[in-house]
Amino acid sequence: MNAESKVTAEHLRRSAYLYIRQSSLHQVLENTESTERQYALRRRAIALGWTDEQVIVIDHDQGQSGASATDREGFQRLVAEVGLGQAGIVMGLEVSRLARNCADWHRLLEICALSGTLILDEDGLYEPGHYNDRLLLGLKGTMSEAELHVLRARLIGGILNQAQRGELKMPLPIGLVYTEDNRVELDPDSQVQHSLRMLFATFERTGAAWATVQSFRREGLKFPRRGQAGSGEVAWRELGYQMTLDVLHNPRYAGAFCFGRSRTSKTADGKTRIRELPRDQWRYIKQQAHPGYITWEAFLSNQQRLLGNYRGNGAPRRSGPAREGPALLQGLAICGKCGRAMSLRYHERRGRRIPDYVCQRQCIEKGVPVCQTIHGEAIDEAIGQLLIASVTPLALEVVLQVQREIDTRLAEAQRLRLQHVQRLQYEADHARLRYMRVDPNNRLVADTLEAQWNEKLRLLAEAKQTAEQQHRLDSLQITEEQKEQIRALATDFPRLWRNPQTSDRDRKRMARLLLEDVTLRRDQDVFVQVRFKGGAARELRVPLPQRSCDRWRTPPPVVAEIDRLLDHHSDAEIARILNERGVKTGGGGRFDTVKICHLRYYYRLKGRRERLQTQGWLTVRQMAALLECPLTVVIHWHKVGLLTATRFNSRADLLYQRPSDDVIAKIRTRLQPHRWRAPQPPLNPQPCIKGVI
Ligand SMILES: [Zn+2]
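Below, the structure is given as structure tokens:
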């Protein structure tokens, strides 16, 4: 069947659609020849019988990739037109590339077959309704996708190989550059190097990215950035938060080559999604691949700190002014369970106001139960003690030492600022020279150069002013007299803190000068984490306050001692022993038999008699039964010393130790002569042993 015979009058009645696409903008601009070929198809359609007006060109998708139909408006329109039976023929260059993925292509073929639409490309004319043509078109689509896959696999394989060796040339962050022979080196520009070192040192000192940014702003320091791509220029701007995080998270500054730190995937609607991966899932890490600004260990520790800041309450909070009321941690307390600021509540006890720290934000906003409530008295006391213990001569000496280090740091910052001034001076001189060299008659160029020169001069003046201002501020150093005052604090501070004349508000202000925040978490006791202004942290455990019922309770060690004494002593004896030792009851009183008896009952301690009986001691009746003799005889034998007995209460009641089998036999023999003379007396209680059961 030749091409012409496939075209019927029905086809010619409908329109011819020419689909034109170049996948990237670069192709659209550069590869005009292919566009030319695509338009040549139009002439073929006319040759086949369509009129010029019938040919509709769809070229909305120029510069769109063919990987998915989602964003390709033109392709969707084409499918719609074919589905509605408007298209007699669809034309495209290498038609299988109309759709770069097989699903879209087969769908189009299906619809073309149903609506009897022809397909035309440079190789020929196809009728998708015919089996052979359909097979060929399907195969073309599959080949096209396979070709794409092979191309990509080769490309990625090459990249991965290079990456595995750590030789893949990737864009470097500021501060690192490639040498002529493709090795990575630190940027030879010393100002850039200093700025990066300054950033890492500041983070090391402050422990927070946000604090690093603030420090740079305060010092009036600029941070380098890459200028326009390929220009090799460095732009100096204010350091931003995201920039700081990028630098701190970038392993290349630790001299490590990394590849595959993120993964790209497609969402259901065809959008590209980039996901950062955790470090253990990176594809390749090669440590010590090139020189860096920090060590790998320092990099890891920075990551840990950043993660800690993220989880903790790193964001600056406002604690509000110090108010009346004794609660020391007003505005400083943070809930250790949810990280929210804790509020205050007071309760009265014996005419005193006692603070409670309450985490109730969620309770107020969402009606859920209060997160935690912590009795504040003991916490405030512990914090007070900690503050007094912290302001020691040694601690203050450390402060002065730190001040000396700060001075060195300030000198370093000033050096960086002067370098910046120097650089701008050079640029201004350079701009002036260029202006001087230009032909004054060439007004257009001369004006532009003059404007550039002026701009450079303005920047220079600004930088000079900032450097001077900062230098003036920095040079307000501590005098010897002030140092003496600081040392005197070690004795003054505890005195002032303990002085009853010092108001609660002043004490709170002092606490705020020293403390950043205090995190409280209630378990069996209260776990207190104190952060000082300088970044130091201390952890304390404060026992929970006693409930009022617990205050009357006999202390557990005393109960344990009573339990131990019961093994050898009666209640009355124990009361006497404890009183002799000066031990007091829970209420602060003396012990007596009744109290010991109550305690035994309350704590379910076994009494003296029970304990003896478990050990095998016998009552008089049991003993009489054992020896097969009257009760009086047992008492008699005890009196003469043949049987051992002990008192188990304050009365004269006795328990008998079970004699050995020899003794039993001996006693029984002695009893023999009497047995036939006197009959066994009844087992009724007798006056002398009354009370013994
Ligand atoms: Zn909470």
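In our numbering, the protein residues as written are 21 to 713. Glycine residues also receive a C-beta, built at the ideal position from the N, C-alpha and C atoms. Keep in mind the model is a prediction, meaning the values are calculated, not measured.
Query raised in the report: Do you know how far the Cα of residue 173 is from the Cα of residue 439?
Result: Along the sequence shown, one-based indexing puts residue 439 at 419. Along the sequence shown, one-based indexing puts residue 173 at 153. Taking the straight line joining both Cα atoms gives about 49 Å.
Requested in this report: Have a look at residue 30 and residue 102 and give me their C-alpha separation to the nearest angstrom.
Outcome: Position 10 of the sequence shown, counting from 1, holds the residue named residue 30. Position 82 of the sequence shown, counting from 1, holds the residue named residue 102. C-alpha separation (whole angstroms): 14 Å.
**Report entry** Local conformation of residue 108 per DSSP, three classes
**Finding:** Here residue 108 is taken as the residue at index 88 of the sequence shown, counted from 1. In the structure shown, residue 108 sits in a strand (DSSP, three-state: E or B).
**Report entry** Three-state secondary structure (DSSP) of residue 473
**Finding:** Within the sequence shown, residue 473 is the residue found at index 453, counting from 1. Three-state result, residue 473: helix.
Query raised in the report: In chain order, which continuous runs of the alpha helix (DSSP H) of length 4 or greater are located wholly inside the stretch 162–240?
Result: 210–226, 229–239
Requested in this report: Tell me whether residue 386 counts as near ligand 1, meaning its Cβ is closer than 7 Å to at least one heavy atom of that ligand.
Outcome: The count along the sequence shown starts at 1 and reaches residue 386 at position 366. No, Cβ of residue 386 sits at least 7 Å from all heavy atoms of ligand 1.
Requested in this report: Return the CA-CA distance between residue 164 and residue 180, expressed in angstroms with no decimal places.
Outcome: Indexing the sequence shown from 1 puts residue 164 at position 144. Indexing the sequence shown from 1 puts residue 180 at position 160. Answer to the nearest angstrom: the Cα atoms are 24 Å apart.
Query raised in the report: Can you check whether the CB of residue 271 is closer than 8 Å to the CB of residue 206?
Result: In the sequence shown, counting from the first residue as 1, residue 206 sits at position 186. In the sequence shown, counting from the first residue as 1, residue 271 sits at position 251. Going by C-beta atoms, residue 206 is not nearer than 8 Å to residue 271.
Query raised in the report: Is it true that the CB of residue 76 sits closer than 8 Å to the CB of residue 37?
Result: Here residue 37 refers to the residue found at position 17 when the sequence shown is read from its first residue. Here residue 76 refers to the residue found at position 56 when the sequence shown is read from its first residue. For residue 37 and residue 76, yes; Cβs fall inside 8 Å.
Query raised in the report: In three-state terms, what does DSSP make of residue 132?
Result: Residue 132 sits at position 112 when you count from the first residue of the sequence shown. Reduced to three states, the DSSP call for residue 132 is helix.
**Report entry** Identity of the residue in 201, 219, 220, 197 nearest residue 209 by Cα
**Finding:** Against the sequence shown, residue 209 aligns to sequence position 189. Per the Cα distances, 197.
Query raised in the report: To the nearest angstrom, how far is it from the Cα of residue 213 to the Cα of residue 282?
Result: The sequence position of residue 213 within the sequence shown is 193, counting from 1. The sequence position of residue 282 within the sequence shown is 262, counting from 1. Approximately 27 Å between the Cα atoms of the pair.
**Report entry** Neighbourhood of residue 105 by C-beta, 6 Å cutoff - its chain only, sequence neighbours within 5 removed
**Finding:** To locate residue 105, count along the sequence shown from 1; it is residue 85. Answer for residue 105: 135, listed in chain order.
Requested in this report: Could you pull out every unbroken alpha helix (DSSP H) segment of at least 4 residues lying fully inside the stretch 510–585, listed in chain order?
Outcome: 524–534, 568–571, 576–585
Requested in this report: With a threshold of 16 other CB atoms inside 10 Å of the CB of residue 572, please say whether the residue is buried or exposed.
Outcome: Your numbering for residue 572 matches position 552 in the sequence shown. By the 10 Å Cβ count, residue 572 comes out exposed.
Requested in this report: Determine the closest residue to residue 353 out of 673, 551, 39, with distance taken between C-alpha atoms.
Outcome: Mapped onto the sequence shown, residue 353 falls at position 333. It is 551 whose Cα lies nearest to the Cα of residue 353.
Query - Within 8 Å, strictly: CB atoms of residue 159 and residue 146 - result: For the purposes of this step, residue 159 is taken as the residue at position 139 of the sequence shown. For the purposes of this step, residue 146 is taken as the residue at position 126 of the sequence shown. No, these two residues do not count as a Cβ contact at 8 Å.
Report task. Please go through the stretch 270–332 and give each complete alpha helix (DSSP H) segment of 4 or more residues, from N-terminal end onward. Result -> 316–331
Query raised in the report: Between which two residues does the alpha helix (DSSP H) harbouring residue 613 extend?
Result: Indexing the sequence shown from 1 puts residue 613 at position 593. Unbroken alpha helix (DSSP H) run through residue 613: 613–622.
Query raised in the report: Roughly how many whole angstroms lie between the Cα atoms of residue 602 and residue 321?
Result: Mapped onto the sequence shown, residue 602 falls at position 582. Mapped onto the sequence shown, residue 321 falls at position 301. Between residue 602 and residue 321, the C-alpha separation is close to 56 Å.
Query raised in the report: If residue 384 sits next to residue 349, beta carbons under 8 Å apart, how far is it from one beta carbon to the other, in whole angstroms?
Result: Translated into the one-based positions of the sequence shown, residue 384 becomes position 364. Translated into the one-based positions of the sequence shown, residue 349 becomes position 329. Rounded, the Cβ-Cβ distance is 20 Å, inconsistent with contact.
Requested in this report: Please go through the stretch 369–400 and give each complete beta strand (DSSP E) segment of 3 or more residues, from N-terminal end onward.
Outcome: 372–379, 392–395
Query raised in the report: Along the chain, where does the beta strand (DSSP E) that runs through residue 667 open and close?
Result: Counted from its first residue, the sequence shown places residue 667 at position 647. Boundaries of the beta strand (DSSP E) harbouring residue 667: 665–667, taken from the DSSP string.
Query raised in the report: Straight-line CA distance for residue 325 to residue 262?
Result: Taking the first residue of the sequence shown as 1, we reach residue 325 at position 305. Taking the first residue of the sequence shown as 1, we reach residue 262 at position 242. Looking at the two C-alpha atoms, the distance is approximately 16 Å.
Query raised in the report: Would DSSP call residue 679 helix, strand or coil?
Result: In the sequence shown, counting from the first residue as 1, residue 679 sits at position 659. The answer is coil: DSSP assigns residue 679 none of H, G, I, E or B.
**Report entry** Which residues DSSP lists as bridging residue 363, in chain order
**Finding:** Counting from one through the sequence shown, the residue named residue 363 turns up at place 343. Partner(s): 378.
Query raised in the report: Once you ignore the five residues that flank residue 304 on each side, which residues in its own chain have a CB closer than 8 Å to its CB?
Result: The residue given as residue 304 occupies position 284 in the sequence shown. Excluding sequence neighbours, residue 304 sits near 183, 184, 186, 277, 278, 279, 280.
Query - For residue 258, three-class secondary structure by DSSP - result: Locating residue 258 in the sequence shown gives position 238, where the first residue counts as 1. Correct three-state label for residue 258: strand.
Requested in this report: Could you please give the first and the last residue of the uninterrupted alpha helix (DSSP H) stretch that includes residue 244?
Outcome: For this step, residue 244 is matched to residue 224 along the sequence shown. From DSSP, residue 244 is part of no alpha helix (DSSP H) but of the beta strand (DSSP E) over 242–246.
Query - Euclidean distance between Cα positions of residue 628 and residue 637 - result: For the purposes of this step, residue 628 is taken as residue 608 along the sequence shown, with counting starting at 1. For the purposes of this step, residue 637 is taken as residue 617 along the sequence shown, with counting starting at 1. Computed Cα separation, rounded: 11 Å.
Query raised in the report: Buried or exposed: where does residue 582 fall if 16 or more other Cβ atoms within 10 Å of its Cβ makes it buried?
Result: Against the sequence shown, residue 582 aligns to sequence position 562. That one is buried.
Requested in this report: Starting from the C-beta of residue 416, find all residues in its chain whose C-beta is less than 7 Å away, skip the five residues before and the five after it, and write them out in chain order.
Outcome: Translated into the one-based positions of the sequence shown, residue 416 becomes position 396. So the list reads 506, 507, 509, 510, once near-sequence residues are dropped.
Report task. Specify the secondary structure class of residue 267 as computed by DSSP and reduced to three states. Result -> Here residue 267 refers to the residue found at position 247 when the sequence shown is read from its first residue. Residue 267 falls in the helix class under three-state DSSP.
Query raised in the report: Under a Cβ-count criterion, where at least 16 other Cβ atoms within 10 Å of its own Cβ denotes burial, should residue 433 be classed as buried or exposed?
Result: Taking the first residue of the sequence shown as 1, we reach residue 433 at position 413. With 16 or more Cβ atoms within 10 Å of its Cβ, residue 433 is classed as buried.
Requested in this report: Using a threshold of 8 Å, state whether the C-beta atoms of residue 357 and residue 308 are closer than that.
Outcome: By one-based count along the sequence shown, residue 357 stands at place 337. By one-based count along the sequence shown, residue 308 stands at place 288. For residue 357 and residue 308, no; Cβs fall outside 8 Å.
Query - Cα-Cα separation between residue 473 and residue 465, rounded to whole angstroms - result: As a first step, residue 473 must be located in the sequence shown, where it is residue number 453. As a first step, residue 465 must be located in the sequence shown, where it is residue number 445. Whole-angstrom Cα-Cα distance: 12 Å.
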